[in-house]
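Numbering (our numbering), first residue to last: 223 to 292. Glycine residues also receive a C-beta, built at the ideal position from the N, C-alpha and C atoms. Each remark here refers to the structure printed beneath this line.
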Amino acid sequence: MRGADAVIKALERQGVEYIFGHPGGAAMPIFDALVDTDKIKFVLTRHEQGATHMADGYARATGRPGVVLV
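As structure tokens, this is what we get:
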């Protein structure tokens, strides 16, 4: 198991359903691992700051974890 797979599995165990973000850079292995799960959906944002606002709004509205990956 790769480290990126462990990150995704940990997020699944915490009940994460959505990850908001903008792919690129050092996080690419995590994005690659995200493709292998059907439990977490990725929401593409145009900017990192937008991802944080989306995750915050999602968490406040649902009470579920708001996760950002950039």
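In chain order, 252 place their CB closer than 6 Å to the CB of residue 229, counting only its own chain and leaving out the 5 sequence neighbours on each side. Counting along the chain, no alpha helix (DSSP H) covers residue 243; the unbroken beta strand (DSSP E) around it starts and ends at 240 to 243. Remark: three or more beta-carbon pairs, one from each stretch, lie closer than 8 Å, so the region 271 to 282 and the region 237 to 251 are flagged as touching. Residue 261 carries a coil assignment under DSSP once its states are collapsed to helix, strand and coil. The bridge partners DSSP lists for residue 266 are 243. Judged by DSSP secondary structure, residue 289 falls within the beta strand (DSSP E) whose first and last residues are 289 to 291.
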